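Report on one structure; see the data block that follows.
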Amino acid sequence: MFPRPGRDIGFPIAGCALLFAVFLAGGLIYESFQGRAAERLVTVMLIDAIIVLGIQIYVGNTGVLSFGHIGFGAIAGYAFAVFAISPEEKLKRIPDAPFGLNDVLLNPALAVAVAIGVTVVVALVVGIGLARSGAESGAVAATVITLALLFVTHEVARNWPDLTGGNRAGLTFKVGAALDSRLPIYLCLLGALILARLFAQSRSGKLAVAAREDNLAARAMGVNPLVQQTAALLISVVVVSVGSSLRVYENGSILPDDFFFNYTLLTLAMLIVGGRNSVTGALVGVAVMTVGRELARRLGQDGFEVFGLSLDAGPLDWIFRENLQTVFLGLAMLGFMIFRSDGLLGDWELDAWLWRRWRRRIPEDQPEPLAEVAPVGLHAEVDREGAALEVHDLAVDFGGFRALDGAGLTVAPDEVVGLIGPNGAGKTTLVNVITGIVEPSAGWFKLGERELTGAPSHDIARAGLLRTFQNLRLFGASTVRQNVELAARVAVQHRPGSHPPVDALIAEAGLWDVRDRRARELDYGSARRLELARAAAMAPAYLLLDEPTSGMSDAESAEMIGRIRHMAAAVDAGVLVIDHDLNFITGISDRIYVLDQGQVISAGTPDEVQADPAVRAAYLGAESDAAR
Amino acid sequence: MTELAQNLIDGLGRGSIYALLALGVAVVFGVMHLLNFAHGELITVGGYVALWTLGAGWSWYIVTPLIVLSAVLTSLAIERVAFSRVRGSSDFTLLLTSFGVHFVISAIFLLYVSASVKPFDRPSWVTNTYSVGPLNIEVYDTVVILVTVLTLIGTTLLLQRTMFGLSLRAAAADFDTARLMGVRSDTVIRGAFALSGLLAGIAGVFWLMRAGSISPGAGITPMLKGVLAALIGGLGSLRGAVIGGLALGLAEVLLRSRLPDSIASLTEGVVFLLIALLFIFRPQGLVTVKHAVRV
Numbered sequence: 007m008f009p010r011p012g013r014d015i016g017f018p019i020a021g022c023a024l025l026f027a028v029f030l031a032g033g034l035i036y037e038s039f040q041g042r043a044a045e046r047l048v049t050v051m052l053i054d055a056i057i058v059l060g061i062q063i064y065v066g067n068t069g070v071l072s073f074g075h076i077g078f079g080a081i082a083g084y085a086f087a088v089f090a091i092s093p094e095e096k097l098k099r100i101p102d103a104p105f106g107l108n109d110v111l112l113n114p115a116l117a118v119a120v121a122i123g124v125t126v127v128v129a130l131v132v133g134i135g136l137a138r139s140g141a142e143s144g145a146v147a148a149t150v151i152t153l154a155l156l157f158v159t160h161e162v163a164r165n166w167p168d169l170t171g172g173n174r175a176g177l178t179f180k181v182g183a184a185l186d187s188r189l190p191i192y193l194c195l196l197g198a199l200i201l202a203r204l205f206a207q208s209r210s211g212k213l214a215v216a217a218r219e220d221n222l223a224a225r226a227m228g229v230n231p232l233v234q235q236t237a238a239l240l241i242s243v244v245v246v247s248v249g250s251s252l253r254v255y256e257n258g259s260i261l262p263d264d265f266f267f268n269y270t271l272l273t274l275a276m277l278i279v280g281g282r283n284s285v286t287g288a289l290v291g292v293a294v295m296t297v298g299r300e301l302a303r304r305l306g307q308d309g310f311e312v313f314g315l316s317l318d319a320g321p322l323d324w325i326f327r328e329n330l331q332t333v334f335l336g337l338a339m340l341g342f343m344i345f346r347s348d349g350l351l352g353d354w355e356l357d358a359w360l361w362r363r364w365r366r367r368i369p370e371d372q373p374e375p376l377a378e379v380a381p382v383g384l385h386a387e388v389d390r391e392g393a394a395l396e397v398h399d400l401a402v403d404f405g406g407f408r409a410l411d412g413a414g415l416t417v418a419p420d421e422v423v424g425l426i427g428p429n430g431a432g433k434t435t436l437v438n439v440i441t442g443i444v445e446p447s448a449g450w451f452k453l454g455e456r457e458l459t460g461a462p463s464h465d466i467a468r469a470g471l472l473r474t475f476q477n478l479r480l481f482g483a484s485t486v487r488q489n490v491e492l493a494a495r496v497a498v499q500h501r502p503g504s505h506p507p508v509d510a511l512i513a514e515a516g517l518w519d520v521r522d523r524r525a526r527e528l529d530y531g532s533a534r535r536l537e538l539a540r541a542a543a544m545a546p547a548y549l550l551l552d553e554p555t556s557g558m559s560d561a562e563s564a565e566m567i568g569r570i571r572h573m574a575a576a577v578d579a580g581v582l583v584i585d586h587d588l589n590f591i592t593g594i595s596d597r598i599y600v601l602d603q604g605q606v607i608s609a610g611t612p613d614e615v616q617a618d619p620a621v622r623a624a625y626l627g628a629e630s631d632a633a634r
Numbered sequence: 041m042t043e044l045a046q047n048l049i050d051g052l053g054r055g056s057i058y059a060l061l062a063l064g065v066a067v068v069f070g071v072m073h074l075l076n077f078a079h080g081e082l083i084t085v086g087g088y089v090a091l092w093t094l095g096a097g098w099s100w101y102i103v104t105p106l107i108v109l110s111a112v113l114t115s116l117a118i119e120r121v122a123f124s125r126v127r128g129s130s131d132f133t134l135l136l137t138s139f140g141v142h143f144v145i146s147a148i149f150l151l152y153v154s155a156s157v158k159p160f161d162r163p164s165w166v167t168n169t170y171s172v173g174p175l176n177i178e179v180y181d182t183v184v185i186l187v188t189v190l191t192l193i194g195t196t197l198l199l200q201r202t203m204f205g206l207s208l209r210a211a212a213a214d215f216d217t218a219r220l221m222g223v224r225s226d227t228v229i230r231g232a233f234a235l236s237g238l239l240a241g242i243a244g245v246f247w248l249m250r251a252g253s254i255s256p257g258a259g260i261t262p263m264l265k266g267v268l269a270a271l272i273g274g275l276g277s278l279r280g281a282v283i284g285g286l287a288l289g290l291a292e293v294l295l296r297s298r299l300p301d302s303i304a305s306l307t308e309g310v311v312f313l314l315i316a317l318l319f320i321f322r323p324q325g326l327v328t329v330k331h332a333v334r335v
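As they're listed, the protein sequences go chains A and B.
Take 7 as the starting number for the first sequence in the numbering used here and just add one per residue.
Take 41 as the starting number for the second sequence in the numbering used here and just add one per residue.
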C-alpha cells in the first residue's frame, strides 16, 4: 500500500528533474547575457542550493529552527580540506597537524565520504541532545543548542591552528587544484533535490511533519518524534556535508568565517523566503535571494546596468553603501517573518501540484462500504480473547489537588463503555493517564497481559490504545485523506496484520466529498468525525473517545452514536467513551461508570446507573436534593 | 586551594554578568515565549554610545547611565517595531524575527559606522587588584559582584512587591489566564522589555568596561552566553536563569585554569560538550519548570 510508486516516487523524481532544469536554465541564461563575470555567481548559487536543501530536510520536516547546520558544514568543510589537500600544501599551513593527518591524501570523492562520516558522527551525538531537550522544553531549547554548536565550531576552528590553519591563514588548495568542472555540482544538486523530496514523501518524513503540526497528537497515535527528527537530522547533515565540501573545493580554501553567522543568515534567509516547508520553495528562495543580494551588492557599489536598464545610485549613495547586502538579508528575513512567515510558496510542491492536475481527470469511485471490507483489526494474528483493558486504582495529584483518587474500570474487547461525571470529575485525566500523557502517582493499567503504566505515549498507542481529544487535534495543514493515511501508515508498521481501508473509513465518517480538503478548513462536526476515522485507521484494540460530541447539536450527537458503534465494530475495537452528556452516554454505552471527585461512585448498565441514588446526588446535585 | 578560591571569585565575577544577561532573556521569554537573539544588540548599541561619548571626552560616570538608558530605549524600540507584530506567532517565527533584528542592527552599524573594531578608554580601575591574604582580587570583579547582587535584590523586590511584578509573574506562569484576570498584555510585555533592557544595560556597562572596544558583531558573544545560561538554568525560570549564568561563568573559569595547556584554548568547545551532556541527562535544565498543557 505504501509507498505508491507513482505518487510517492515517480512524480517527485520527475518534478525534481523539472525543477532542476528550470533552475539551471535560469542561471545559464543569465550567464549568457552577463558573460564570465556571472559565472562565479551561478556556481555559488548552485552550491548554496545544495546546502539550503540540506537544511530544508531538517528544518522543513521537523519545524525545528536550526542555526547549527552551517556548523556541521564547517566540520565537513574542514574534514574535506584536511583530507583532500596535498601533503606539500598542508606542510606550509599546518605542519604540526595531529593524528598524522599531514601525510594523508585522498581523492576528492573519498574525502567527501570522510567528511560525511565525521559530520554524521558529530550529528548523531548532537542529535540525541537535541531530540531529548526538544521533547522536554520544546523547539526553542533545540534551537539554542544548534546555535551553540555553530558558535563552538567557529571557536574551535579559530583556536586549533594545528588542524585548521587558524583564523588568518586557513587551509588552501594548491593553485589550480580546486574544482574546475561544474558536473559534480550538477549531479549533487539533482541528488539533493531528489533526496529532499523523497524524504518528505517517505514514511519518516510524513511522521516528522505530523509531529511538527501537532506533537501531542502524533505521539498519541504511535509516532515517536525523536526517531523521525534524528532521521531527518542525519539525512540533512549528509546533504549539507556534500554541499559544504563542494563549497570549500570550489573556493579553493576554507576559513572559520566562511561557515559562520553571515552564511547562516544567508542560507536561512533563502530557506524561509521561498518557503521552508517545501523543496520547491527552498529552491525558489535560493534564486530570489541570489538575485536580490546581487542587486543590493551592485546598488551598494555605484549604480549598474542590467539588461540595458541602467540604475544609478548616485544621489542615494549615502544610503546605498558597501555591505548593503547584509542589511538586505536581515530585512528580508525580518519582513518575511512579520508579514509572510510561511515564505513565498508555503508548502506548495511542483510535483504534488502536477499530480493533482493529472489525477483530477480520473474520477474516483465511491469506496466500498466499510462493513464489506472490514473487519481490519488484529484478530488474524493476535488472540484477543481476554485482552481486556484493565485500569486499577489510579491516583493523580496536581500540586495539592487530587484529580484521580483510586479510580478503576475494565472494558472488554467488544464492549462500548461510558465514563460519565460532572466537569472536573477527572474523566479527561483518566484518559490522559492511560495514554501516557500524565503520570499516575499510584495505580496501574494494562491491556490484556501487558502492563502499560508509565510507558511513553507512542508505545501505548502502538499497543492499541488510541484516543481522540476533547479540543480536537488534527494535522491541520494536511488533507482529510492524508490525516487518515498517516494513521494507516503507522498501523501497517506497528499493528501487525492490520490493513486499514483508508477510503472506506473516510466514507464511513461522511467525509468522502471533502477528502482533499485541508483538515483545518473543516467544519466542527466534520473535524470530529475525521478525528474518529483517524483513530479507527490505527486498527486500535480500544478507542478512547474524549467528549466526541462536545459542541454538537442533539441531532448530530444521536447520529454520532451510530457512527461510533459502526466504526468500532468494523475495526473490531472496544470503546471507552467519555462525556458529561447523560443522554449521549446512556444512548451509546453497554455499561457505564460514574466518576465523581476522582472516584468511581457507581457502575452498571445504563438503567442501573440511572437508578442509583448516589449518582443522582452527585450528578444531578440540587435536583435530587429537591426530590428528597 | 588558593587557586580554587581564586577561580571561584573570578568565576563569580564572570558568572554575574552572564546571570544578568540570562535574567533579561528569561524575563522576555516568560511573557512572550520569545527567545531574544537580539539581546546582545542592546550591548552593541550601548557600546557605540560609549564610543561616541567617551570620544567626546565625557567621563565613565556620565557614560554609565547613558549606556543603561540606551539599552532600555533600544529594547523598547525593538519591541515596538518588530516583536509587537509577531506576538503569539509560532516559536519558529519568533526566533527568526529576533535573529533578523540582530542582523539588521549589526548591519546598520557595519554600514554606517565602520566594520572595524573601535577602541575606547577603559576606566583606570578595571585592571587594579587588591590582596586578601594569598588571594588577588580584581576591583572589577568585586564591583561586578556587588552591583549584581544589588540588581538581583532590586529585581526581586520589583517582582515580589509591586503590582507590575505580580502581573509579570502571573503572565509568565500563564499568559492567557493572566489576561483574563485583567493584566494588560501591552503593559506587561513592554515592562518586560524595559526590565530586560535595564538588566542588559547593567551587564553591558561591565562587558564594555572589560572589552574596551566595540564592533558591529560585538553583541553575538554576550547574546549567546545569556541565552545559553537561560537554557542551562531551565527556560522560563527566572531563578534558573541566575543559577545558569553563575554556573556557566564558574564552569568557564574553572575549565580554563584546569584544562591542560594544549586544549585550554578550546575551553568553549569543552563547555559546549558539558552543556550537551547536561541536556542529554537533564533535558529540562537545572531548574524544572512545570508547563501546564491542556489536553
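C-beta atoms are modelled at their ideal positions from N, C-alpha and C, and glycine is treated no differently.
Predicted, not measured: the structure shown is a model, and the values here were computed from it.
| Query | Result |
| --- | --- |
| Assigned exposure category for residue 377 (chain A) - 16 Cβ within 10 Å defines buried | exposed |
| Within chain B, the residues that residue 95 (chain A) reaches when beta carbons sit closer than 8 Å | Result: empty, since nearest Cβ-Cβ is about 24 Å, beyond 8 Å. |
| Endpoints, the alpha helix (DSSP H) within which residue 464 (chain A) is located | 463-469 |
| Any C-beta of chain E under 8 Å from that of residue 253 (chain B) | Annotation note: the requested chain E is absent from the structure, which comprises protein chains A and B. |
| Residue 568 (chain A) versus residue 314 (chain B): straight-line alpha-carbon distance, rounded | 57 Å |
| Residue 173 (chain A) versus residue 262 (chain A): straight-line alpha-carbon distance, rounded | 6 Å |
| Own chain partners of residue 179 (chain B) with C-beta closer than 6 Å, once the 5 adjacent residues on each side are dropped | 165, 168 |
| Cβ of residue 148 (chain B) within 8 Å of any chain A Cβ | yes |
| Straight-line gap, residue 110 (chain A) to residue 162 (chain B) (C-alpha atoms, nearest Å) | 48 Å |
| Identity of the residue in A:498, A:486, A:252 nearest residue 55 (chain A) by Cα | A:252 |
| Residue 233 (chain B) and residue 81 (chain B) closer than 8 Å at C-beta | no |
| Any chain B beta carbon closer than 8 Å to residue 83 (chain A) | no |
| Burial state of residue 451 (chain A), where buried means 16 or more other Cβ atoms lie within 10 Å | buried |
| Proximal chain B residues relative to residue 166 (chain A), where beta-carbon distance stays under 7 Å | 306 |
| Rounded separation between residue 147 (chain B) and residue 333 (chain A) - CA only | 5 Å |
| Interface partners of residue 91 (chain A) on chain B, CB under 9 Å | Those do not exist, as residue 91 (chain A) stays about 22 Å from chain B at its closest Cβ, beyond 9 Å. |
| Contacts that residue 320 (chain B) makes with chain A (C-beta to C-beta distance below 7 Å) | 134, 135, 138 |
| Identified DSSP bridge partners for residue 446 (chain A) | Partner(s): none; residue 446 (chain A) has no beta bridge. |
| Beta-carbon gap between residue 48 (chain B) and residue 278 (chain A) smaller than 8 Å | no |
| Integer Cβ distance of residue 147 (chain A) from residue 275 (chain B), believed to fall under 8 Å | 6 Å |
| Local conformation of residue 452 (chain A) per DSSP, three classes | strand |
| Which of helix, strand or coil DSSP assigns to residue 421 (chain A) | coil |
| Whole-angstrom C-beta distance between residue 179 (chain A) and residue 91 (chain A), which should lie under 8 Å | 6 Å |
| Chain B contact for residue 474 (chain A) (CB, 8 Å cutoff) | no |
| Local Cβ density within 10 Å of residue 243 (chain A), reported as buried at 16 or more and exposed below that | buried |
| Distance, residue 142 (chain B) Cα to residue 154 (chain B) Cα | 17 Å |
| Beta bridge counterpart(s) of residue 401 (chain A) as assigned by DSSP | A:411, A:448 |
| Against chain B: residues of the segment 583-609 of chain A by CB proximity under 9 Å | none |
| Residue 254 (chain A) versus A:84, A:210, A:397, residue with shortest Cα-Cα distance | A:84 |
| Proximity of residue 168 (chain A) and residue 264 (chain A) at Cβ, strictly below 8 Å | no |
| Cβ-based contacts, 8 Å cut-off: residues of the segment 159-183 of chain A near chain B | 161, 162, 165, 166 |
| Residues of its chain near residue 87 (chain A), where Cβ-Cβ distance is below 6 Å and the 5 sequence neighbours each way are ignored | 177, 254, 260 |
| Residue 157 (chain B) - DSSP class collapsed to helix/strand/coil | coil |
| Sequence-distant residues of its chain with Cβ nearer than 7 Å to residue 44 (chain B) (five each side left out) | none |
| Extent of the continuous alpha helix (DSSP H) to which residue 367 (chain A) belongs | Element bounds for residue 367 (chain A): n/a, residue is neither H nor E. |
| Backbone secondary structure at residue 389 (chain A) - three-state DSSP | Caution applies to residue 389 (chain A), whose pLDDT of 49 falls short of 50 and renders its modelled position unreliable; the value that the coordinates give is listed next. Looking at residue 389 (chain A) - three-state DSSP - the assignment turns out to be coil, as it is neither helix nor strand. |
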